[in-house]
Structure formats: C-alpha cells, structure tokens
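*Asks:*
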Amino acid sequence: MSDARPSGFAESAVQVIERQEWLVPLEEGLQRAVSAAFQAGGAAGRAVKNFLHGTWLGHPLHPVLTDVPIGAWTTALVFDALDARGRRWPWRSVLQRRADDAIVLGIVGAVGAALAGLTDWQHTGGTARRTGFAHATLNTLALGLYVGSLAMRRRGARRAGRSLAGAGFGVLLASAYLGGRLVYREHIGVDHAQRDEPNGFARAVREADLREGQPVRADVGGVRVVLVRRHGRIHALGETCSHLGGPLAEGEVQDGAIVCPWHGSRFALEDGRVLDGPATMPQPCFETRVRDGFVEVRRRPESGLAAA
Ligand code: FES
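Here the sequence shown is numbered in this note's numbering, starting from 7 and rising by one per residue.
#1: Go ahead and pull the three-state DSSP assignment for E261.
#2: So the beta strand (DSSP E) V196 belongs to, where does it begin and stop?
#3: Whose C-beta lies closer than 6 Å to the C-beta of E33 among residues of the same chain, with five residues either side of it excluded?
#4: Over the uninterrupted alpha helix (DSSP H) stretch that includes T80, give me the two end residues.
#5: Could you give the residue range of the alpha helix (DSSP H) that holds A119?
#6: Would you mind reading off the limits of the alpha helix (DSSP H) that contains E34?
#7: Quick check on DSSP: helix, strand or coil for F15?
#8: Using 7 Å as the cut-off, classify the Cβ of A285 as near or not near the heavy atoms of the ligand FES, replying yes or no.
#9: On the three-state DSSP scale, how would you describe F175?
#10: Taking 7 Å as the cut-off, is the CB of H249 close to at least one heavy atom of the ligand FES?
#11: Shortest alpha-carbon distance to I76 belongs to which of W28, I23, G131, L149?
#12: Please state whether DSSP places L216 in a helix, a strand or coil.
#13: Count the CB pairs spanning the region 46-59 and the region 143-157 that are closer than 8 Å, and state whether there are at least three.
#14: When you compare only the Cα positions, how much space is there between F300 and R52?
#15: Using a threshold of 8 Å, state whether the C-beta atoms of H269 and G252 are closer than that.
#16: Suppose you measure from the CA of F85 to the CA of E258; what does that come to, to the nearest Å?
#17: Go to F300, then tell me how far its beta strand (DSSP E) extends in each direction, as first and last residue.
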C-alpha cells in the first residue's frame with residue numbers, strides 16, 4: 007500500500023493550512039478560553055458542555071446542527087435564484103419573504119452549530135486542531151456574509167443581499183469540505199472504542215492483581231479491557247476511550263466511574279454509559295467471574311453498541 011498523500015487543489019489547500027504554525031498560540035489560547043468558560047460555570051457549565059457535545063444523544067451534536075444552516079441556506083439560494091429570474095412574477099414577494107426566513111433560520115442554526123463545534127474542538131490537537139480552526143474561521147465568515155445579506159434585504163437592497171448570500175454559500179461549501187475531512191481523515195467525532203469481543207468467557211488477569219479502586223489493563227485475545235475492583239465487585243470495560251482512544255487504565259476511579267486521562271470523559275463502571283463528555287458513545291461493558299484465581303470476562307450482549 008502506498009502512503010503517498012492525495013493530490014489536487016483541495017488537498018494542496020489543506021496542506022497549506024496545516025503548515026501555518028504561527029496559529030498555534032491563537033489555537034491554544036482559544037482552547038484554554040473555551041475550557042475556562044465551562045469550568046467557571048461549575049455544575050451548570052458541565053451540563054451545558056455535555057449538552058453541546060451530545061452526551062445525551064449518544065452521538066456528537068455538532069453534525070446534527072450543521073444540517074440546519076446547510077438546508078436553510080440552500081433553500082434561500084433556490085428562492086433567490088427564482089427571485090432574480092422572475093421579475094414579473096406575481097408571487098415574487100412571497101419568494102423574497104421565504105428566502106429571508108430561510109436566511110434567519112440558517113443564522114440561528116449556524117450559531118448553535120458553532121457553539122457545539124467549538125465545544126468539541128477544544129479537545130483536538132495536531133492537524134485536526136488546525137483543520138478545525140480553519141473550518142470554524144470559514145463558518146464564521148459565511149455567517150457574517152449571511153448576516154450582511156439579511157441587513158441588505160431589510161434595507162431593500164435585494165440584489166446586494168442575494169450577492170452576499172451567494173458568496174456565503176460558496177464559503178460554506180469550502181468549510182463543509184474541511185468538516186468532512188475532520189471526520190473521514192482525522193476521525194473526529196467517530197467511535198474510537200474497540201468493539202471486538204472475546205468469544206465466551208476468557209481469562210483477563212489474576213484476581214490477586216486487582217486492588218481496590220485501581221484500574222488494571224488486560225489484553226483478552228487482542229481486546230483491551232480495563233478491570234476495576236470496587237466494593238466487592240469486579241467491573242470490566244473496554245480500555246480504549248470512545249472519544250479519541252485514550253487509555254482508561256491510566257485514568258482515575260471516582261465514585262462509580264472511571265475518568266479518561268486525556269480529556270476527562272467519565273464512564274459508569276456499572277455499564278459503561280457516558281456520565282460526562284466529551285465522549286458521546288458508551289464503553290463496551292463486560293461480565294466478569296472468577297475461576298481458579300483468574301478473572302474471566304465476556305462481553306455483555308446488551309452493552310454499548312452491541313445492542314444496536
Ligand atoms: S480520549 Fe478524550 S476523553 Fe478519552
């Protein structure tokens with residue numbers, strides 16, 4: 007297999023973006039500011055952060071919200087095109103009103119998508135962080151063009167309003183390319199948990215190696231599992247964090263949860279469900295039993311995505 011990178015205009019543009027190292031202080035400062043804002047909000051800030059990640063949804067919220075501006079602004083583009091062609095049409099004023107409504111809806115959706123995207127982006131690094139920064143910059147530019155378009159329309163300058171909206175749509179398409187790249191190339195927002203499962207019960211660790219509240223990593227037939235003894239029970243979850251693949255065995259046990267050492271996602275030891283993001287997808291959960299001094303595990307049929 008070749009490791010050559012794809013070529014073409016879009017790929018070249020992305021490579022130029024990735025080389026802009028002077029952006030690092032800006033990116034780090036913005037990530038710190040976003041993180042500090044949520045922390046300053048205490049429990050409410052954590053609830054808002056979980057909401058914006060999509061922890062309650064079992065899926066990142068950002069891509070869901072992006073459909074609103076894309077759909078609304080595409081609708082406005084069609085109505086604008088009809089408006090520009092049908093100068094004598096009797097229903098022209100209806101087309102204009104619907105185009106304006108669609109632009110307002112898109113602006114509201116874009117603000118929501120931006121908040122969710124920024125919340126997710128604060129935990130990225132490397133080229134994903136740079137691509138995400140460029141994606142956000144283009145989206146902000148598109149949003150500004152649509153706000154300007156709406157202002158022009160409200161003043162009766164419909165031609166200028168249509169031009170600004172057209173420019174905004176072009177910027178939106180470029181930004182959408184980067185958004186797709188974040189998912190398909192950088193694997194942001196996808197499930198990083200290892201979803202393989204041992205066939206039946208399989209040995210994980212010696213029971214004597216488990217100490218109260220201390221996570222232990224085990225390799226069970228190629229499946230990475232973290233085991234925790236707590237209050238007389240032995241819990242076992244997938245060891246690779248569903249958010250970005252962090253090693254849960256190096257995390258802390260707090261109350262009935264294990265905390266990922268990379269970005270602080272909390273998963274319930276009981277069943278692997280997400281208690282706090284940025285993760286949105288549960289950890290695989292395993293049944294445990296002790297035989298001949300060894301802890302054995304097997305995947306719970308109903309755990310995590312196995313139930314899907
Ligand atoms: S890798 Fe990000 S919270 Fe675990």
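Backbone N, C-alpha and C define an ideal beta-carbon position, used for all residues, glycine too.
*Replies:* By the coordinates alone:
#1: Position 255 of the sequence shown, counted from the start, is the residue given in the question as residue 261. Looking at the sequence itself, residue 261 is Asp, so the reference to Glu does not match. Here D261 sits in coil by DSSP.
#2: Taking the sequence shown and counting its residues from 1, one reaches residue 196 at position 190. Where V196 is concerned, there is no enclosing beta strand (DSSP E), because DSSP gives it neither an H nor an E.
#3: Position 27 of the sequence shown, counting from 1, holds the residue named residue 33. Hits under 6 Å: R135, F139.
#4: Translated into the one-based positions of the sequence shown, residue 80 becomes position 74. It spans 68-91 - the alpha helix (DSSP H) in which T80 sits, taken as one unbroken run.
#5: Within the sequence shown, residue 119 is the residue found at index 113, counting from 1. If you look at A119, you'll find it in the alpha helix (DSSP H) that goes 98-127.
#6: For the purposes of this step, residue 34 is taken as the residue at position 28 of the sequence shown. Unbroken alpha helix (DSSP H) run through E34: 30-46.
#7: In the sequence shown, the residue the question calls residue 15 occupies position 9. Of the three classes helix, strand and coil, the one that applies to F15 here is helix, per DSSP.
#8: Here residue 285 is taken as the residue at index 279 of the sequence shown, counted from 1. Yes; taking the cut-off as 7 Å, the Cβ of A285 has a heavy atom of the ligand FES nearer than that.
#9: As a position in the sequence shown, residue 175 is number 169, starting the count at 1. F175 carries a helical assignment under DSSP once its states are collapsed to helix, strand and coil.
#10: As a first step, residue 249 must be located in the sequence shown, where it is residue number 243. Yes, the ligand FES has a heavy atom inside 7 Å of this Cβ.
#11: Here residue 76 refers to the residue found at position 70 when the sequence shown is read from its first residue. Minimum Cα distance to I76 is reached at L149.
#12: Taking the sequence shown and counting its residues from 1, one reaches residue 216 at position 210. DSSP places L216 in the coil class of the three-state scheme, outside both helix and strand.
#13: Because the criterion of three Cβ pairs below 8 Å is not met, the region 46-59 and the region 143-157 do not touch.
#14: In the sequence shown, counting from the first residue as 1, residue 300 sits at position 294. In the sequence shown, counting from the first residue as 1, residue 52 sits at position 46. Roughly 39 Å separates the two Cα atoms.
#15: Taking the sequence shown and counting its residues from 1, one reaches residue 269 at position 263. Taking the sequence shown and counting its residues from 1, one reaches residue 252 at position 246. For H269 and G252, yes; Cβs fall inside 8 Å.
#16: For this step, residue 85 is matched to residue 79 along the sequence shown. For this step, residue 258 is matched to residue 252 along the sequence shown. Taking the CA atoms as reference points, F85 sits about 55 Å from E258.
#17: The count along the sequence shown starts at 1 and reaches residue 300 at position 294. Unbroken beta strand (DSSP E) run through F300: 300-305.
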